[in-house]
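Residue numbers (the numbering used here), protein chains in the order written: chain U, 1 to 250; chain W, 1001 to 1248.
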């Protein structure tokens, strides 16, 4: 335990922010930036893919379905290599490890988010769409004002889980030398040489605390969402609203 | 004397689900200002029929006119057309993420391009009309079924429809809430609204309907004024249906 504290005291900043401010930002900060940007950019793409997947138009349905199946059917590390070797060739200039990893995560996560969003849309009662169309809203207005606000709200817990996966996936950036958390831990291990157990225990600890607290948050939100949904079921009487919802109903 | 112009007209309407003949040669019309109650056993096609009017269900053969408009005309702007048809669902289908007022204001602001203030005033007026003025800021989940259905009626009225379609509006309600919804529908009828109502509420039919259509197996097998239909049904099928209905 003493060793772990000593390592943290000595190398803590490297784990947290890399060589910043004397060098590039790295460590946990980059892990976090990659995850947040990855999911934030993947979400609009995922929504677009989801809409294409439920669209009646074959020209939209087939390509989107192919992309989703392909991305969900290959290991992430393989996709990293594809982007790593092909993106520079495509652009005709070198691409940083960070950008490579970000592009990879966005493509990969968009496919998963697309399925989450699609499930969210399809789990809404059909009557919602019908009622919106019946008052004259167009397909896009129905999606924007009625379907997506409900579907995305209901999907917040799943999206948070997806964010947790993304945090763990950023560690694969190590193989293309992205200076994220795992990379920093490995740097420390190479410096110390004799303390691999302590170093990787610290690494495991950081990932676990981060992911565990986010998973707990997701669970908490999930309970809130189902409580809200329960309050919205058809034909709820005022009495039913006044009684607290039993834990089993969640 | 020329007959009053019809608000809704079905001409030779046919619909199949695969081999199943859901609507079989429907020829019927509803005059302006008329209230027609459609009843019949479940699976007889009454909900399918009412949903063909605003094309929530498509038909394979025949023609439907609403307020003089051919519903299947290629030049028809479907969204705009639907906004003129007031439709009330069995399951209310209020938007749970929007407040009561926002539910009513959504289509007027998006489709009719009304200003927020104008739509809000209109929503307040309609809520007062269905007896729910204090509920403007409540969410649908906080309302009883009967209140939700009255909001749904207000939502449909906000588009100023020339006719209202009701698809079993009280079937999903607890018995003690049926009355408040029927009350609103009766007041609409008294104000001269053209109405097509799929319902089994015989009291409502007797009180406000001008005609009753009885459907069975995708056909309108009997029509008549409510008094004679309920007291003296002509077909065996209608007699059996009414005796089943009364035995409940």
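Just so it is clear, CB atoms sit at the ideal spot from N, CA and C, and this is done for glycine as well.
- In the DSSP assignment, residue 1031 of chain W falls within the unbroken beta strand (DSSP E) covering 1020-1031.
- A distance below 8 angstroms between beta-carbons, with the five flanking residues on each side excluded, links residue 1051 of chain W to the following residues of its chain, in chain order: 1057 and 1167.
- Interface flag for residue 127 of chain U against chain W is set, since a Cβ pair is found closer than 7 angstroms.
- Residues of chain W with a Cβ closer than 8 angstroms to the Cβ of residue 137 of chain U are, in chain order, 1079, 1106, 1107, 1110 and 1111.
- Closest option to residue 101 of chain U, judged by alpha-carbon separation, among U:138, U:30 and U:163: U:30.
- Among the residues of chain W, none has a CB under 9 angstroms from the CB of residue 151 of chain U; the nearest is roughly 10 angstroms distant.
- By the C-beta density criterion, residue 1185 of chain W is buried, having at least 16 other C-beta atoms within 10 angstroms.
- In the structure shown, residue 1009 of chain W adopts extended strand secondary structure according to DSSP, grouped into three states.
- For residue 1178 of chain W, the enclosing alpha helix (DSSP H) covers residues 1175-1190.
- With a cutoff of 7 angstroms on beta-carbon distance, residue 1172 of chain W and residue 1037 of chain W are scored as not near each other.
- In the DSSP assignment, residue 1063 of chain W falls within the unbroken beta strand (DSSP E) covering 1061-1066.
- If you check the CB distance, residue 156 of chain U and residue 214 of chain U do not come in under 7 angstroms.
- Taking the Cα positions, residue 135 of chain U is about 8 angstroms away from residue 1085 of chain W.
- For the segment 1087-1118 of chain W, not one full-length beta strand (DSSP E) segment reaches 3 residues or more.
- Interface annotation, residue 1095 of chain W: in contact with chain U, CB-CB separation under 7 angstroms.
- The DSSP assignment places complete alpha helix (DSSP H) segments of no fewer than 4 residues inside the segment 1-49 of chain U at 2-17, in order along the chain.
- Within chain U, the residues 130 and 134 have their CB atoms less than 7 angstroms from the CB of residue 1056 of chain W, given in chain order.
- Counting along the chain, residue 159 of chain U sits inside the alpha helix (DSSP H) bounded by residues 148-169.
- Between residue 66 of chain U and the set U:57, U:23, U:76 and U:53, the nearest pair of CA atoms involves U:53.
- With contact defined as three or more Cβ pairs closer than 8 angstroms, the segment 1096-1103 of chain W and the segment 1130-1142 of chain W are in contact.
- Not flagged as an interface residue toward chain U: residue 1075 of chain W, since no C-beta distance is shorter than 7 angstroms.
- Cβ neighbours of residue 1144 of chain W within its own chain (closer than 7 angstroms, five residues either side excluded): 1177.
- Taking 7 angstroms as the cut-off, the Cβ atoms of residue 1083 of chain W and residue 1198 of chain W do not count as close.
- With fewer than three CB-CB distances shorter than 8 angstroms, the segment 1120-1131 of chain W does not count as touching the segment 1060-1074 of chain W.
- The beta carbon of residue 166 of chain U sits closer than 7 angstroms to those of 35, 38, 39, 105 and 109, all from its chain and outside the five residues before and after it, given in chain order.
- Chain W places a beta carbon closer than 7 angstroms to that of residue 146 of chain U, counting this residue as a contact.
- From the listed residues U:142, U:202 and U:88, the smallest Cα separation to residue 127 of chain U is found for U:142.
- A residue is called buried when at least 16 other Cβ atoms come within 10 angstroms of its Cβ; residue 122 of chain U does not meet this threshold and is exposed.
- Within the segment 1163-1190 of chain W, the residues whose Cβ lies closer than 8 angstroms to some Cβ of chain U are 1172, 1173 and 1174, listed in chain order.
- Think of a sphere of 7 angstroms around the beta carbon of residue 1159 of chain W: the chain U residues whose beta carbon falls inside it are 135 and 136, in chain order.
- The beta carbon of residue 1214 of chain W sits no closer than 7 angstroms to any beta carbon of chain U.
- With 16 or more other Cβ atoms from the protein chains shown falling within 10 Å of its own Cβ, residue 1054 of chain W counts as buried.
- Taking the Cα of residue 1005 of chain W as reference, the smallest distance to any Cα among W:1194, W:1094 and W:1230 is reached at W:1194.
- At a C-beta separation below 9 angstroms, residue 1228 of chain W has no neighbours in chain U, since its nearest C-beta there lies roughly 33 angstroms away.
- Per DSSP, residue 1164 of chain W is one residue of the beta strand (DSSP E) stretching across 1163-1167.
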